[in-house]
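Numbers given in my numbering equal positions in the sequence shown, counted from 1, plus 1051. For reference, the structure discussed in these notes is given below.
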Amino acid sequence: MAIQLGDIAPDFTADTTEGTISFHDWKGISWAVLFSHPKDFTPVCTTELGYTARLAEDFAQRNVKVIGLSCDSVQDHLAWSQDIEDTQGIRPNFPMIADPNRTVANLYDMIHPNASDTMTVRSVFVIAPDNTVKLTITYPASTGRNFDEVLRVIDSLQLTATKKVATPVNWKQGDDVIILPALSNEEAAELFPNGWDEQKPYLRVVSQ
């Protein structure tokens, strides 16, 4: 069954390029991004892994741990890492899960038979500190992921987890936000004493 938002991310133990890990223990109280690749030595994923490695500081600033997966072996992952460094100028600086038996892939519903009955789809899961799934995105094999968008969503998730706001279309860090409709004007006035732009009773825009 497909993982839905709010579900607890399945725990697992697996071999990775950084040793054997138990996922929930490895993740701890951090946020996590788990993303899968159809197989090693594929061109689109080579570019993705290099770009993600370049974002290490951005993820660290947000208390996010990154972990990748494909159904190939640790040895293949390590050989691929050299190719990634050769072509992208940097090798993965996060663990890559080896999943030859597709144990993790099946736990996370990463095998879509109409796309391929052997390879994982290009999935992304953002998982909160309490291990609940906050975002799922599935891409076709031919389309590279936008990891700037993943960071943008994490910024929104982290902001809205603690503030009574939502983020509007194309929002990015520092832009105006929307007061939750569930808040009355009286409650909003206590939280936002500088006021807001009431475009409609349900659309109250306030500075972040």
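Every residue gets a Cβ at the ideal spot worked out from N, C-alpha and C, and that includes glycine.
Along the chain, where does the beta strand (DSSP E) containing residue i start, and where does it finish?
i: Asp1248; result: 1248–1251
i: Tyr1102; result: Taken as a continuous stretch (DSSP letters only), Tyr1102 belongs to no beta strand (DSSP E), being part of the alpha helix (DSSP H) at 1094–1105.
i: Leu1158; result: Here Leu1158 belongs to no beta strand (DSSP E); instead the alpha helix (DSSP H) covers 1154–1158.
i: Val1201; result: Note, Val1201: premise wrong, no beta strand (DSSP E); alpha helix (DSSP H) at 1198–1211.
i: Trp1082; result: 1082–1087
i: Lys1116; result: 1115–1121
i: Phe1176; result: 1173–1178
i: Asp1066; result: 1064–1067
i: Leu1254; result: 1254–1257
i: Thr1187; result: 1184–1190
i: Ile1148; result: 1147–1149
Going straight from the alpha carbon of residue i to that of residue j, what length do you get?
i: Phe1145; j: Lys1251; result: 45 angstroms
i: Ser1073; j: Ser1235; result: 44 angstroms
i: Val1220; j: Arg1113; result: 21 angstroms
i: Met1263; j: Arg1173; result: No answer is possible for residue 1263: the residues shown for the chain start at 1052 and end at 1259.
i: Asn1152; j: Cys1122; result: 7 angstroms
i: Glu1238; j: Ala1065; result: 47 angstroms
i: Gln1126; j: Thr1071; result: 14 angstroms
i: Val1084; j: Leu1202; result: 10 angstroms
i: Glu1099; j: Tyr1253; result: 39 angstroms
i: Phe1110; j: Thr1103; result: 9 angstroms
i: Thr1138; j: Asp1227; result: 39 angstroms
i: Asp1134; j: Thr1097; result: 8 angstroms
i: Lys1078; j: Trp1222; result: 27 angstroms
i: Pro1244; j: Val1257; result: 10 angstroms
On a Cα-Cα basis, can you pick out the residue from the options that is closest to residue i?
i: Val1175; options: Asp1181, Thr1218, Glu1200; result: Glu1200
i: Gly1101; options: Glu1238, Pro1143, Gln1209; result: Pro1143
i: Gly1057; options: Met1147, Pro1089, Thr1183, Asp1091; result: Thr1183
i: Ser1193; options: Gly1070, Thr1071, Lys1090; result: Lys1090
i: Ile1230; options: Glu1136, Glu1241, Val1216; result: Val1216
i: Ile1148; options: Asp1062, Thr1067, Pro1244; result: Thr1067
i: Leu1120; options: Phe1086, Pro1191, Asn1197; result: Phe1086
i: Lys1214; options: Glu1241, Glu1249, Asp1150; result: Glu1241
Enumerate in chain order the residues of its own chain whose CB-to-CB distance from residue i is below 8 angstroms, with the five nearest sequence positions on each side excluded.
i: Ala1179; result: Trp1082, Lys1185, Leu1208, Ala1212
i: Pro1164; result: Bear in mind that a pLDDT of 49 at Pro1164, under 50, signals an unreliable position, so the number given afterwards is only what the model happens to contain. Excluding sequence neighbours, Pro1164 sits near nothing in its chain.
Between which two residues does the alpha helix (DSSP H) carrying residue i extend?
i: Asp1058; result: Here Asp1058 belongs to no alpha helix (DSSP H), and DSSP marks it neither H nor E.
i: Lys1078; result: 1074–1078
i: Thr1039; result: No answer is possible for residue 1039: it lies beyond the span of the chain, which begins at 1052 and ends at 1259.
i: Thr1138; result: 1125–1139
i: Leu1242; result: 1236–1242
Spatial neighbours of residue i within its chain, please: CB distance less than 7 angstroms, with the 5 preceding and 5 following residues excluded, ordered by chain position.
i: Arg1105; result: Ile1141
i: Val1155; result: Phe1063, Ala1065, Leu1120, Ile1148
Can you find the residues in the same chain that come closer than 6 angstroms, C-beta to C-beta, to residue i, ignoring five residues on each side of it along the sequence?
i: Pro1061; result: Leu1158
i: Ala1053; result: Asp1160
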